[in-house]
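Peer 1: Input: one structure, supplied below.
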Amino acid sequence: MIQIYIDADACPVKEEVYRVARRHRLGVVVVANGFLNLPRDPLIRRVVVGGGLDAADDWIAEQVDAEALVVTADIPLADRCLKRGARVLDPRGRPFTEASIGDALASRELSAFLRDMGAVGGGPRPYGPLPLPGGPGKPDPGPAQTPARPPGSTLTRFRPAALAW
1 MIQIYIDADA
11 CPVKEEVYRV
21 ARRHRLGVVV
31 VANGFLNLPR
41 DPLIRRVVVG
51 GGLDAADDWI
61 AEQVDAEALV
71 VTADIPLADR
81 CLKRGARVLD
91 PRGRPFTEAS
101 IGDALASREL
111 SAFLRDMGAV
121 GGGPRPYGPL
131 PLPGGPGKPD
141 PGPAQTPARP
151 PGSTLTRFRP
161 AALAW
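Quick look at the structure:
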């Protein structure tokens, strides 16, 4: 039977995983470095690991097998789990595979190198709804107005000069 493991310390989709697991009657193991509140459900269990930063990752990597599905954004953990035969998804639902993990690891290393040099900053965009067009603290300007076609035009679309490339 498939067992779902969640690398929970920074996982934004725990509630969605719980709903899917309930629907399909799958067990969920929520692994974290500290205490987390979980729903009361016999299918969901908590594992709190002590120790260093990678203690939760180490625990998950030691437990998984071919019947496991791991939800993590941690690319090195995804690599370790794939090597043990587990299936791995990122929090957005994209699968890590044997074919894609090498590129993901290389991109991670390149991004870390560029961040260390000060060439780039940040990371992936935050999980959640997109920001309002007006920006924080500014009123939403409402829906964009589509300009009318010029009189006598047979064009099906009109691009104002301000938007022309």
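For the sequence shown, position 147 matches number 147 in full-length UniProt numbering, and the numbering has no gaps at all. By construction, the Cβ of each residue, glycine as well, lies at the ideal position given by its N, Cα and C atoms. Just so it is clear, the structure is predicted and the values come from calculations on it, not from any experiment.
#1: Using the rule of at least 16 other Cβ atoms within 10 Å of the residue's Cβ for burial, across every protein chain shown, is Asp90 buried or exposed?
#2: Take Ala56 as the anchor and find which of Cys81, Arg40, Tyr18, Leu38 has the nearest alpha-carbon.
#3: Residue ranges of each alpha helix (DSSP H) run of no fewer than 4 residues wholly in the segment 18-46, ordered along the chain?
#4: DSSP three-state call for Arg159: helix, strand or coil?
#5: Nearest to His24 by alpha carbon, out of Ala8, Met1, Arg45, Ala99?
#6: Which one or two residues does DSSP pair with Asp7 in a beta bridge?
#7: Report the rounded CA-to-CA distance for Ala68 versus Val29, giving the unit in angstroms.
Peer 2: So, from the listed chains and residues:
#1: buried
#2: Cys81
#3: List check, alpha helix (DSSP H) in window: nothing returned.
#4: Bear in mind that the predicted position of Arg159 carries a pLDDT of just 48, short of 50, making it unreliable; the figure below should be weighed with that in mind. Here Arg159 sits in coil by DSSP.
#5: Met1
#6: Val31
#7: 10 Å
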